[in-house]
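Every letter in the sequence shown is one number past the one before it in full-length UniProt numbering, and letter 64, counting from 1, is 64.
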Amino acid sequence: MSKISKDQVKHVANLARLAISEEESEKYSEQLSAIIDFSEQLNELDTTDVEPTTHVLDMKNVMRQDEPKEWISKEDALKNAPDQQDGQFRVPSILD
């Protein structure tokens with residue numbers, strides 16, 4: 001059983017620039033110790049023949065062939081532009 005002390009909780013809170021009371025440090029100490037105890041139960045499992053996984057489901061990407069297609073022409077794209085110049089969209093400047 002790994003016990004997280006109140007001093008350790010206060011130290012981490014100080015590093016995170018959090019102000020916690022004495023009651024909060026006691027509460028967090030108990031809660032963090034319970035979390036670590038729960039996670040240590042995983043060490044009891046025999047995982048020698050279990051392959052590491054990154055996801056619980058078998059995932060694969062379904063990709064389509066990359067084929068060139070005809071898209072909108074430059075003229076058609078600029079046809080509805082509120083302002084254009086030299087074959088490009090013209091937008092207001094955002095720099096001073």
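Backbone N, C-alpha and C fix where the C-beta goes; we use that ideal spot for every residue, glycine too.
Because the structure is a prediction, the values reported are computed rather than measured.
If you follow the alpha helix (DSSP H) that residue i is part of, which residue opens it and which one closes it?
i	result
Ser29	22 to 40
Ala77	74 to 79
Ala19	Counting along the chain, Ala19 falls outside any alpha helix (DSSP H), and DSSP gives it neither H nor E.
Based on the DSSP secondary-structure assignment, which residues constitute the bridge partners of residue i?
i	result
Gln85	Gln88
For residue i, which residues of its own chain have a beta-carbon under 8 Å away from its beta-carbon, when the five flanking residues on both sides are left out?
i	result
Thr74	Position check: residue 74 holds Lys in this sequence, whereas Thr was assumed. Hits under 8 Å: Gly87.
Leu90	Reading the sequence as shown, one finds Arg at residue 90 and not Leu. Once the five neighbours on either side are set aside, the close Cβ partners of Arg90 are Ala81, Asp83, Gln84.
To which residues of the same chain is residue i closer than 6 Å at the C-beta, ignoring the five residues directly before and after it?
i	result
Leu78	Gln84
Ile4	Ser29, Leu32, Ser33
CB-CB under 7 Å to residue i, same chain, minus the five flanking residues each way: which ones, in chain order?
i	result
Lys6	Ser25, Glu26, Ser29
Measuring only between beta-carbons, confirm whether residue i sits less than 8 Å from chain D.
i	result
Val12	Chain labels in this structure do not include chain D; a single protein chain is all it has.
Sufficient close CB pairs (3 or more, under 8 Å) joining the region 40 to 48 to the region 10 to 23: no
The region 55 to 70 contacting the region 27 to 36, beta-carbon criterion three pairs below 8 Å: no
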